């Protein structure tokens, strides 16, 4: 199938690019044909975010979004930053001690990003864009001049042994003049493009966090607190010298979004991000909001948080790498949706201009450097490295000085840039140098186990298909990682995909691929970079409704 533009990923970046290109089509003599594919069973099925949403990019894309019925109607009313000192106590930080980028005002909304993407998908289709959910991109095609010419989708109907089943359908080659890759954080094709074109040459390594989230339903007669935003730092992660933080947002319809973000540069091999999240909910500052509520959804997703210093070159012959696939999240704001959308708008304008000028490579970089997106990422470029180098307390204090004093007084960011040159997968210490962490048993009221949680993510995969989690070397998990790190995949995976089990008295790694929620943590944190995440059959994975 041939199109002018193929977009891989129906998230905020990809759909914004599609909508903007379609809008530009209305002014063009020869409209472009635009196709969006997504591996989820429907648009929004794989979308997960906190999410406190800044409308800046949406204002540009659809100035009349309110009258068009965008699901953005829960403005922030109350905003608090808590430092959890112990498992029982906390202090509320005053606004002047909280970095300004973390302040949330009424122009921010507590939303479901999955539902916003569904709405963006409907707008795109109304503008003439073709959207095909349930089709996973498997590989990239290049011509003899090393130009990207499109992608191939995953073959359907292959069994575990690699043989064709009766329902076999060959993948489709989607040809394009330009291909936009917007797969989200640690996209498997984006990872290949960065290597192939050396897009990250001279850059700080990308850094990541794992975000875990649940939605809780309050009784209908409970006092409405919609628009309440709470962020936390400190306990429980502080006990293991790990950075990150919690969040609790009151959504519409008496629902609560609660979660924990764990930086994946953590060092203690015994740490389990999932179990740290379960502990967080027992803190009185969090538990009081969950009283009388029922947990109705669970999910997890990696976050690219290296910022401008880690941002690869985003253009190459035949295409662009945008949004969280590149790493446009503003870690100082803990927001990436508006920045992903803006990168999509810039991508559309760059491709529109490239078509007019008959260029092979869109000039995204010039538009990016002239945009508020670059300005915003440049102003916050030190935040992540400061936290990594100095920890939540000192790093947070330095960030507060930079954003609350230096920048307002001198009207410019700091003249130097902090960096963290250590890859996240290089940070784990041997278990000989780590204190074991004994996590309490879930109580089934506030805290839960992984199988119960994965059930709430509505994750489904065709069981009889090749494992999409590929081990480069089958021997490393047991022969190397088990003695050195107690095989950390059984803890860093938030879905119970990896288990070390005894087979005739001999340990082996079992991969429960059907549990995978597509968070990509294994591809990021494996200390030997031995796990390669590939796309399974289209339509597999989680089926998030309101995340």
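Numbering (the working numbering), first residue to last: 155 to 701. Yeah, the Cβ is synthetic: ideal placement off N, Cα and C, and Gly gets one too. Being a predicted model, the structure only gives us computed values, none of them experimental.
query                                                                                                                                                                           : result
My output table needs one value for residue 409: the three-state DSSP class, helix, strand or coil.                                                                             : strand
Run through DSSP, which three-state label would residue 418 get?                                                                                                                : coil
Relative to the C-alpha of residue 134, which residue among 203, 576 and 314 is closest?                                                                                        : For the chain, the structure presents residues 155 to 701; residue 134 sits outside this window and is missing.
Less than 6 Å between C-beta atoms, sequence neighbours within five positions excluded: which residues of the same chain meet that for residue 574?                             : 539 and 542
Could you tell me which residues DSSP pairs with residue 660 in its beta bridges?                                                                                               : 657
Provide the residue(s) that pair with residue 306 in DSSP beta bridges, ordered along the chain.                                                                                : 293 and 327
Which one of 163, 290 and 178 has the shortest CA to CA distance from residue 139?                                                                                              : Missing from the structure shown is residue 139; the chain here goes from 155 to 701 and no further.
Please classify residue 661 as buried or exposed, where buried requires at least 16 neighbouring CB atoms within 10 angstroms.                                                  : exposed
From the DSSP output, in three-state form, read off residue 235 for me.                                                                                                         : strand
Does residue 639 come out as helix, strand or coil in the three-state DSSP assignment?                                                                                          : helix
Compare the Cα-Cα distances from residue 442 to each of 372, 479, 548 and 510 and report the closest residue.                                                                   : 372
Establish whether the CB of residue 346 and some CB of chain C are separated by less than 8 Å.                                                                                  : This model lacks chain C altogether; it includes just one protein chain.
I'd like to check one pair, residue 470 with residue 366: are the Cβ atoms closer than 8 Å?                                                                                     : no
Within the same chain, show all residues whose beta-carbon is closer than 6 Å to that of residue 310, passing over the 5 residues directly before and after it, in chain order. : 323 and 691
Put residue 687 into one of helix, strand or coil per three-state DSSP.                                                                                                         : strand
Flag this pair as yes or no: are the beta carbons of residue 201 and residue 165 separated by less than 8 Å?                                                                    : yes
Between the C-alpha atoms of residue 411 and residue 380, what's the straight-line distance to the nearest angstrom?                                                            : 11 Å
Taking the C-alpha atoms as reference points, what is the distance between residue 333 and residue 476?                                                                         : 11 Å
Exposed or buried, what is residue 339 when buried is set at 16 or more other beta-carbons lying within 10 Å of its beta-carbon?                                                : buried
Using three-state DSSP, classify residue 192 as helix, strand or coil.                                                                                                          : strand
My guess is that residue 326 and residue 190 are in contact by the Cβ rule of under 8 Å, so how many angstroms apart are they, rounded?                                         : Residue 326 to residue 190, Cβ: 14 Å. No contact.
My understanding is that residue 673 touches residue 535, with C-beta atoms under 8 Å, so please give their C-beta distance in whole angstroms.                                 : In fact, because the Cβ distance is near 26 Å, the residues do not count as touching under 8 Å.
Where do the N-terminal and C-terminal ends of the alpha helix (DSSP H) with residue 427 fall, by residue?                                                                      : 427-434
Of the residues 390, 331 and 653, which one's Cα is nearest the Cα of residue 593?                                                                                              : 390
Kindly indicate the opening and closing residues of the beta strand (DSSP E) around residue 367.                                                                                : 362-371
Three Cβ pairs or more, each shorter than 8 Å: is that satisfied between the stretch 552-562 and the stretch 515-522?                                                           : no
Can you pull the DSSP bridge partners for residue 404?                                                                                                                          : 410
Only counting runs of 4 or more residues, tell me where the alpha helix (DSSP H) segments fall wholly within the stretch 250-283, in order along the chain.                     : 267-280
Just to confirm, are residue 650 and residue 608 a CB contact at a threshold of 8 Å?                                                                                            : yes
Tell me which residue opens and which closes the beta strand (DSSP E) that residue 317 is part of.                                                                              : Segment: none, residue 317 is in no beta strand (DSSP E) and carries neither H nor E.
Whose C-alpha, out of 300, 251 and 355, is nearest the C-alpha of residue 472?                                                                                                  : 300
Hey, how far is the Cα of residue 464 from the Cα of residue 446?                                                                                                               : 43 Å
Let me know if residue 656 comes out buried or exposed under the rule of 16 or more other beta-carbons within 10 Å of its beta-carbon.                                          : exposed
Note the first and the last residue of the continuous alpha helix (DSSP H) segment covering residue 627.                                                                        : Looking at the DSSP string, residue 627 is not in any alpha helix (DSSP H), and its letter there is neither H nor E.
Do residue 679 and residue 418 count as a contact pair if the criterion is CB distance below 8 Å?                                                                               : yes
Mind checking who residue 469 pairs with in its DSSP beta bridge?                                                                                                               : 474
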